[in-house]
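Worksheet for the structure shown next.
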Amino acid sequence: AQKITQTQPGMFVQEKEAVTLDCTYDTSDQSYGLFWYKQPSSGEMIFLIYQGSYDEQNATEGRYSLNFQKARKSANLVISASQLGDSAMYFCAMREDMYSGGGADGLTFGKGTHLIIQP
Amino acid sequence: EAGVTQFPSHSVIEKGQTVTLRCDPISGHDNLYWYRRVMGKEIKFLLHFVKESKQDESGMPNNRFLAERTGGTYSTLKVQPAELEDSGVYFCASSHLMGGKANEQFFGPGTRLTVL
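So the sequence lines, in the order shown, correspond to chains A and B. When the letters of the first sequence are read in order and numbered with the numbering used here, they come out as residues 5 to 123. When the letters of the second sequence are read in order and numbered with the numbering used here, they come out as residues 103 to 218.
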């Protein structure tokens with residue numbers, strides 16, 4: 005069974021510092037995808053970044069990068085130069101069977117990390 | 103392009119009553135998903151539609167929950183009769199049928215359901 009673990013319920017970080025949000029996962033599948041979503045206080049879930057299990061390079065999207073360590077089954081999100089607007093809940097999620105032409109199954113989520121950026 | 107919309111944003115009902123949640127996916131998205139987050143727990147997958155067909159409903163808690171997607175456009179999720187443990191935030195998400203590498207799901211703002 006799939007499982008996502010986020011061990012940091014909350015984090016306080018000074019503005020402009022880099023932030024690493026931890027995520028470990030458990031799956032018996034070889035073909036899977038890892039996602040990070042941001043949920044600000046307004047409630048909507050915003051897709052940030054994706055990493056496929058067969059991708060050799062770590063994914064990057066602007067200030068977001070994903071530190072993918074396949075052997076350790078970890079997919080940590082790194083936010084560089086944090087900003088006040090980064091304060092939000094962050095969810096790590098996984099979906100199996102990404103490469104069979106489907107990749108449209110439901111996501112498995114972690115409990116989330118509440119990140120607060122302090123000025 | 104309009105995002106995923108959900109109605110209502112909040113609903114407060116009494117145990118035993120019926121509630122119907124609605125989700126309008128992004129136009130052209132054939133995949134539609136329902137998720138639920140109970141306070142303090144993970145966001146849990148409930149079910150997945152491809153157009154009007156239920157592809158996977160393995161996450162539906164019990165037969166008090168009924169989801170429909172007539173015509174393959176908007177979807178409704180009905181809870182009848184509601185119980186206290188049904189309280190939580192219900193999210194809807196949509197994606198293209200074959201949407202590229204990530205085929206990310208786009209989420210709505212959620213409906214917060216409180217059962218008293």
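All C-beta atoms, glycine included, are put in the ideal place defined by N, C-alpha and C.
Among the residues facing chain A, B:G130 is not included, as its CB has no counterpart in that chain under 9 angstroms away. Cβ contact annotation for B:Q207 (same chain, cutoff 8 angstroms, sequence separation greater than five): N133, Y135, A195, S196 and S197, in chain order. Shown here, B:E187 sits in a helix according to DSSP, grouped into three states.
Around the CB of B:E185, fewer than 16 other CB atoms lie within 10 Å, so the residue is classed as exposed.
With at least 16 other beta carbons inside 10 angstroms of its own, B:R139 counts as buried. One thing to note: B:V121 has its Cβ no nearer than 9 angstroms to the Cβ of B:I128.
Inter-residue distance for A:L111 and B:S111 is about 22 angstroms (C-alpha atoms, whole angstroms). From the listed residues A:Y29, A:I8, A:D109 and A:E19, the smallest Cα separation to B:S160 is found for A:D109.
A:G114 and A:G89 have their alpha carbons spaced roughly 22 angstroms apart. Put simply, of A:I83, A:K77 and A:E21 the residue whose alpha carbon is nearest the alpha carbon of A:Y68 is A:I83.
Residue pairing by DSSP puts B:R139 in a beta bridge opposite B:I145 and B:V191. In the three-state reduction of the DSSP assignment, A:D90 falls in the helix class, which pools H, G and I. Among the CB atoms of chain B, none fall inside 9 angstroms of the CB of A:L70. Distances from the CA of B:G202 to each of A:G37, A:N80, A:D33 and A:C96 were compared; the closest alpha carbon is that of A:G37. For B:A204, no beta strand (DSSP E) run applies, since DSSP gives it neither H nor E. Taking the beta carbon of B:Y135 as reference, the chain A residues within 7 angstroms of it are G110, listed in sequence order. By the CB criterion at 9 angstroms, A:P44 and A:T117 fall outside the cutoff. Apart from sequence neighbours up to five positions away, the residues of its chain that approach A:A63 with a beta-carbon distance below 8 angstroms are I53, Y54, Q55, S69, L70 and F72, ordered along the chain. Per DSSP, the beta bridge partners of B:N133 are B:V152 and B:S197. If you check the CB distance, B:F167 and B:Q108 do not come in under 9 angstroms. Linking B:N164 to A:P123 through their CA atoms gives a straight-line distance of about 46 angstroms. Looking at the DSSP output, B:A169 sits in a beta bridge with B:L179. DSSP places B:G174 within a helical segment (H, G or I) once states are collapsed to three. For A:T28, the enclosing beta strand (DSSP E) has its first and last residue at T28 to D30. Residue-level contact by beta carbon holds for B:L148 and chain A, with a gap shorter than 9 angstroms.
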